[in-house]
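Chains as they are written, first to last, in this note's numbering: chain G, 1 to 440; chain U, 441 to 664.
Structure first, commentary second.
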């Protein structure tokens, strides 16, 4: 999951939890607010009544009667005065039931005792519960809507902001980590960001890339130098043996021994030459400007190693269109690549086996060449390593030194050819090569 | 024929000298740029073999010098530096051939012969090989006016053996000449033997081929 998605999900989740808690608490909160407000109104009313009493005296209400009671039309509020004993002093707000004209209703009642004209009175102001809580429901609903709107709004803001903050990271990933081809490019621009963490990450990556490249170039240079340096001593050995072999006094057993030595030197020479070839390819010393017809190329290869087919009585099926052309390649390297593949296909084939070479255009216009053999195959667990240098697999005899496929790989990489292998023991091996770009 | 070998690796120079002497070449050795230039000013040579990497100068410079004093000679560059740029530069400066280290002396000698034939316009008639005649230039093998069909590789093989008549050629030498520097890693393969067998079969249909000898454990030879 992407970091921005994760952050958004987390933020939305935490907000949701808070909203849920708030929604659960909302009825109690609203009720509490309503009750506080009712108390406040009651006190205000008392204040008002007291000021009226002060101005007009208690008779303003009593009009000669000992008690007074009055209520609004819907019995939502009432006010009552009654005389009480001189010792009674109250100032409370309580909930209680009151009987008014046959209806028993729940009221919040403010009771207050006061003195007027040398007599004690009790004032009761009531407010019906129903009227207190009348706005609770709409209030709750309204609050909920506002809340939801706010949450959605903040989530949108968060999302945009997270995107902006995380964008440099996405840039780093896109430009420096995804689809990298070795050796890495080093001319990357630094990512613009004010986040120090990203800056640090970017700098570290640039540093790492340059270190990897440096190590790679050093290794390449070493291979090249070492191979060159080995050439002269190998020449000397080879030439000494040739001269020895030409001695007329040489007996048969010595001659055979020298021939064996020559074979060994030859092997050393071929390993060195192969390493040198790989390092030259990696150093891009070959020009990729030629046009070749794969059919013609395969004919040339077959002419070169035709005799090897006869040795094992292998039949070859060549299914390549005469019009197919490969652009921007190096002919010698292409020859070497397919030569090595065909050579392997023969070498690891069984008696009376088959090899098929076919070329097709894929739907996206790229050209694909497939080389299949009916040979001994490669154990599945070894398949990922077959292009490694000096890798030998599924061999019961010493038949090579394991550089043929390493050369194939380096030529393929140099020409941006995608190469894949399918194989299994006794199932034969199939190499698929997909040429990049336009080939018509 | 006089040969100048400009090679700073003394052992290698001696081996080259020893080999070429047997084919009656007269060799002078130069182990440095300076002595190479000096020898070229003093003497006339038919062949000049130049190693490009000398301790006190670039072999290509010698080539420039030599061309002034010895324009007629055959120049072969020998080097471990086998990049295209060097090769093109060498050939531009008038080198006749370019031999990459490591090489077989046999190959060196064959190249020298081939260039000499071309340069001095030596046309040979049919070379006799038992009752057969071989025309290396025209790539023909005939038996009493009758042309015999050999494959390209088979002819390469027989003509190489013929050029080094009397010498035993090993399978690695033959295979390198015919297949070049392909990375051919099956050094124990018997494909040379298979080719020889085919050649014998084709030729035996006309006449005896006892002039083509198998030297057990070593290789093949065409009798002198």
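C-beta: ideal position from N, C-alpha, C; glycine also.
The model shown is predicted, which means the values in this text are computed figures rather than measured ones.
In the three-state reduction of the DSSP assignment, residue 296 of chain G falls in the helix class. The beta carbon of residue 505 of chain U is closer than 7 Å to those of 477, 480 in its chain, skipping five residues each way along the sequence. The C-beta of residue 470 of chain U comes no closer than 7 Å to any C-beta of chain G. Only residues of its own chain outside the window of five on either side were considered, and among them 168, 171, 172, 198, 202 have a CB closer than 7 Å to the CB of residue 191 of chain G, listed in chain order. Residue nearest to residue 42 of chain G within the set G/73, G/227, G/107 is G/107 (criterion: CA-CA distance).
For residue 223 of chain G, the CB contacts under 6 Å within the same chain, skipping 5 residues up- and downstream, are 275, 279 in chain order. At a cut-off of 7 Å between beta carbons, residue 243 of chain G contacts chain U. Two segments are said to touch when three or more pairs of C-beta atoms, one from each, lie closer than 8 Å; by this definition the segment 445 to 465 of chain U does not touch the segment 413 to 431 of chain G. Taken residue by residue, none of the segment 168 to 194 of chain G has a beta-carbon sitting less than 8 Å from a beta-carbon on chain U. Cβ atoms of residue 570 of chain U and residue 649 of chain U come within 8 Å of each other, at about 7 Å. Under the three-state reduction of DSSP, residue 650 of chain U is assigned to coil, being neither helix nor strand. Contact between residue 92 of chain G and residue 111 of chain G holds, since their C-beta atoms are separated by about 5 Å, short of 8 Å. Contact check for residue 342 of chain G against residue 281 of chain G fails: the beta carbons are separated by 7 Å or more. Residue G/244 holds the alpha-carbon nearest to the alpha-carbon of residue 259 of chain G among G/244, G/391, G/346. In the DSSP assignment, residue 387 of chain G falls outside any alpha helix (DSSP H), carrying neither H nor E. In the DSSP assignment, residue 96 of chain G falls within the unbroken beta strand (DSSP E) covering 91 to 100. In this structure the segment 281 to 290 of chain G lies against the segment 328 to 341 of chain G, because at least three pairs of beta carbons, one per stretch, are closer than 8 Å. DSSP, read as helix, strand or coil, puts residue 330 of chain G in coil. In this structure residue 242 of chain G is not in contact with residue 500 of chain U, their Cβ atoms being roughly 27 Å apart against a cut-off of 8 Å. Look at residue 476 of chain U: its C-beta is not under 7 Å from any C-beta on chain G. Around the Cβ of residue 443 of chain U, a 10 Å sphere holds 16 or more other Cβ atoms; the residue is buried.
Annotated as distal: residue 132 of chain G and residue 25 of chain G, with beta-carbon spacing of 7 Å or more. Between residue 231 of chain G and residue 542 of chain U, the gap from beta carbon to beta carbon is short of 7 Å. What residue 458 of chain U touches in chain G, judged by beta-carbon distance under 8 Å, is 243, going in chain order. Excluding its 5 nearest sequence neighbours in each direction, residue 450 of chain U has C-beta neighbours in its own chain below 7 Å: 471, listed in chain order. Between residue 429 of chain G and residue 377 of chain G, the CB-CB gap stays under 7 Å. Not flagged as an interface residue toward chain U: residue 351 of chain G, since no C-beta distance is shorter than 7 Å. Residue G/357 holds the alpha-carbon nearest to the alpha-carbon of residue 299 of chain G among G/256, G/78, G/345, G/357.
The straight-line gap separating the alpha-carbon atoms of residue 118 of chain G and residue 79 of chain G is approximately 21 Å. With respect to residue 272 of chain G, residue 204 of chain G sits apart: the two C-beta atoms are not nearer than 7 Å. Taking a Cβ-Cβ threshold of 8 Å, the residues of chain G close to residue 543 of chain U are 235, 238, in chain order. For residue 228 of chain G, the C-beta contacts it makes with chain U under 8 Å involve 520, 521, in order along the chain. At least one beta carbon of chain G lies nearer than 7 Å to the beta carbon of residue 451 of chain U. Between the alpha carbons of residue 588 of chain U and residue 426 of chain G lies a distance of about 43 Å. Assigned with DSSP and collapsed to three states, residue 291 of chain G falls in strand. Take the alpha-carbon of residue 109 of chain G and the one of residue 150 of chain G: they are about 39 Å apart.
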